[in-house]
Amino acid sequence: MGGRPLLNRRLDGLGTTIFAEMSALATATGAINLGQGFPDTDGPEAVREAAVRALRDGRGNQYPPGPGVPELRTAIAEHQQRFYGLTVDPDTEVLVTVGATEAVAAALLALVEPGDEVVALEPYYDSYAACIAMAGGTRVPVTLRADPASATFRLDLDELRAAVTPRTRLLLVNTPHNPTGTVLTREELAAIAELAVERDLLVVTDEVYEHLVFDDAEHHPLAGFPGMRERTLTVSSAGKTFSFTGWKVGWATGRPELIAAVRTAKQYLTYVGSGPFQYAAAEALRLPDSYFDGLRADLTAKRDLLSAGLADAGFTVYRPRGTYFVTADIRPLGFDDGFAFCRALPERAGVVAIPHAVFYDHRETGAPYVRFAFCKRDEVLREAAGRLRKLG
Numbered sequence: 222m223g224g225r226p227l228l229n230r231r232l233d234g235l236g237t238t239i240f241a242e243m244s245a246l247a248t249a250t251g252a253i254n255l256g257q258g259f260p261d262t263d264g265p266e267a268v269r270e271a272a273v274r275a276l277r278d279g280r281g282n283q284y285p286p287g288p289g290v291p292e293l294r295t296a297i298a299e300h301q302q303r304f305y306g307l308t309v310d311p312d313t314e315v316l317v318t319v320g321a322t323e324a325v326a327a328a329l330l331a332l333v334e335p336g337d338e339v340v341a342l343e344p345y346y347d348s349y350a351a352c353i354a355m356a357g358g359t360r361v362p363v364t365l366r367a368d369p370a371s372a373t374f375r376l377d378l379d380e381l382r383a384a385v386t387p388r389t390r391l392l393l394v395n396t397p398h399n400p401t402g403t404v405l406t407r408e409e410l411a412a413i414a415e416l417a418v419e420r421d422l423l424v425v426t427d428e429v430y431e432h433l434v435f436d437d438a439e440h441h442p443l444a445g446f447p448g449m450r451e452r453t454l455t456v457s458s459a460g461k462t463f464s465f466t467g468w469k470v471g472w473a474t475g476r477p478e479l480i481a482a483v484r485t486a487k488q489y490l491t492y493v494g495s496g497p498f499q500y501a502a503a504e505a506l507r508l509p510d511s512y513f514d515g516l517r518a519d520l521t522a523k524r525d526l527l528s529a530g531l532a533d534a535g536f537t538v539y540r541p542r543g544t545y546f547v548t549a550d551i552r553p554l555g556f557d558d559g560f561a562f563c564r565a566l567p568e569r570a571g572v573v574a575i576p577h578a579v580f581y582d583h584r585e586t587g588a589p590y591v592r593f594a595f596c597k598r599d600e601v602l603r604e605a606a607g608r609l610r611k612l613g
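Heads up: the sequence shown begins at 222 in our numbering, then just goes up one per residue.
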């Protein structure tokens, strides 16, 4: 091969994801895996049975339609109207994808030209960096800053505005935000919308945790703000809301021209997928309000259980207002390197976490923080909290 590196230089430095590394470490050591964000129980039995019924009835066992099965596209449109008052045409403004990750990837591949700048909120889900790189874009991070006084991470709107240049093509916004648990307020979203309209930017919003909000937090889709409908692609999925992450049923909604562009890229990635599960996801989206209320109540209790355990162990805890992750500062325990801490934690305490630094361009900013997932059974969270007390 003449000594030429095999890996495309755009992907240089990405390597194996931290999730694969830490999950393998959990398996090797028998540690409790609070790293990767997947529940340890399945979602509603009625939804699982809907998938079984679709399999048995022969629905989705062959290639489903490219945009997604009509039943799911209609259910997605109904969901947007039911929860947010957004009118979406299921035939032209909805695209079903293989998880939200594919929706983001297809959006960036379709909408970003080589050299375009993509502004993303840092820390960010690790696939964002890979997808921007594969599209040939330039990643411009805007950092959510830790505020110990309020035990939250906050967006600096002035920093966001300063990050936008004539080369900026797209804003990539994630709310509720992984990994910090920040839920952008109506005022913050209004400012982002004003900036996008003023600078004529496209916006991709990753809203997969839209129903996982706690306390007095509310999720507001950016597409509902003035001037945003025609420039916003909204991404979500069934995995987080219904606890069937392995089904990989995601979707994007937006104006017909945006959906057409994203579909052009998507058809050359997976083409289609998750056939029978699409029918089950359609039924899931139509569950009564009591399901969504119960989900929030259950996860609020789990958040509080793990947060209290982390505080008892000596961590400084940042209380999430959304998602199912809690961030902890390791410095009170005498550590300042999240990578070293997380790699030693399975042997030291029998628990796996994820270092925040992997989600940053400015890795030194994220160095003292680690992320724990609380979407686990209560007894698992109690056992993990007990193990972590050994660190103190």
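Idealized CB from N, CA, C, for every residue including glycine.
Predicted, not measured: the structure shown is a model, and the values here were computed from it.
Delimiting residues of the alpha helix (DSSP H) encompassing residue i
| i | result |
| --- | --- |
| A296 | 291-305 |
| A372 | That residue, A372, is in no alpha helix (DSSP H); it is neither H nor E in DSSP. |
| A588 | That residue, A588, is in no alpha helix (DSSP H); it is neither H nor E in DSSP. |
| R608 | 599-609 |
| S528 | 510-534 |
| V268 | 266-277 |
| G496 | 496-506 |
| V322 | First, the residue type needs correcting, since residue 322 is Thr and not Val in the sequence shown. Residues 320-332. |
| A351 | 347-355 |
Beta-bridge pairing of residue i - partner residues as DSSP gives them
| i | result |
| --- | --- |
| I253 | V572 |
| F546 | A594 |
| T392 | Per the sequence shown, the amino acid found at residue 392 is Leu instead of Thr. The partner list for L392 (beta bridge, DSSP) reads V340, V424. |
| S464 | S464 is not bridged to any residue. |
| T474 | V315, T455 |
| T434 | It should be pointed out that residue 434 corresponds to Val in this sequence rather than to Thr. Its beta-bridge partners are G543. |
| T537 | D550 |
| A367 | F374 |
Among the options, the one whose alpha carbon lies nearest that of residue i
| i | options | result |
| --- | --- | --- |
| G543 | P286, P387, I480, L433 | L433 |
| A518 | I413, L422, Y545, E428 | Y545 |
| G587 | V579, A503, F593 | V579 |
| A532 | A522, T521, P553 | P553 |
| A594 | P477, Y512, T548 | T548 |
| Q301 | F562, L506, G279, E600 | L506 |
| A252 | H583, R564, Y590, D582 | R564 |
| F465 | E270, F240, A249 | E270 |
| Y512 | F463, F304, M243 | F463 |
| D525 | L393, H398, P541 | P541 |
| A354 | A367, R366, L329 | L329 |
| V418 | R382, N399, D427, F435 | R382 |
| G281 | E323, L516, P497, R592 | P497 |
| K597 | A241, P260, A249, T238 | P260 |
| A534 | D368, G471, I480, E604 | E604 |
| N399 | E431, L378, R420, P387 | E431 |
| K523 | E242, G279, E600 | E600 |
| A267 | L516, G530, G559, L508 | L508 |
| N229 | V309, T238, A351 | A351 |
Sequence-distant residues of the same chain with beta carbon closer than 8 Å to residue i, five excluded per side
| i | result |
| --- | --- |
| P335 | A356, G357, G358 |
| D436 | T521, R542 |
First and last residue of the uninterrupted beta strand (DSSP E) at residue i
| i | result |
| --- | --- |
| T626 | Lying before the first or after the last residue shown, residue 626 is absent from the chain, which here runs from 222 to 613. |
| P362 | 359-364 |
| G445 | Segment: none, G445 is in no beta strand (DSSP E) and carries neither H nor E. |
Contacting residues, own chain, Cβ-Cβ under 7 Å from residue i (five flanking each side not counted)
| i | result |
| --- | --- |
| A482 | A331, L332 |
| T364 | E343, H583, T586 |
| S528 | V538, R540, V547 |
| L307 | Q301, P442, A444, G445 |
| P447 | A414 |
| N395 | L342, Y345, Y346, D427 |
Own chain partners of residue i with C-beta closer than 6 Å, once the 5 adjacent residues on each side are dropped
| i | result |
| --- | --- |
| V290 | Q499 |
| F562 | I551, F556 |
| V361 | E338, V340, A384 |
| R450 | A444 |
| Y581 | E343, P344, G587 |
| F240 | Q257 |
is_contact[residue i, chain C] using C-beta, thresh 7 Å
| i | result |
| --- | --- |
| G289 | Absent here is chain C; the protein component of the structure consists of one chain. |
Residue i CB to nearest heavy atom of the ligand FAD below 6 Å
| i | result |
| --- | --- |
| H398 | Ligands are entirely absent from the displayed structure, and the ligand FAD is therefore not among its contents. |
Would you call the stretch 571-586 in contact with the stretch 595-613, where contact means no fewer than 3 C-beta pairs closer than 8 Å? A contact between stretches requires three or more CB pairs, one per stretch, nearer than 8 Å, and the stretch 571-586 meets this requirement with the stretch 595-613.
Could you tell me whether the stretch 268-288 touches the stretch 478-492, where touching means 3 or more Cβ pairs closer than 8 Å? yes
Contact between the stretch 246-261 and the stretch 272-283 (3+ Cβ pairs under 8 Å): no
With a cut-off of 8 Å, do at least 3 Cβ pairs link the stretch 303-318 to the stretch 397-408? As far as the Cβ criterion goes, the stretch 303-318 does not touch the stretch 397-408, which means the pair count is below three.
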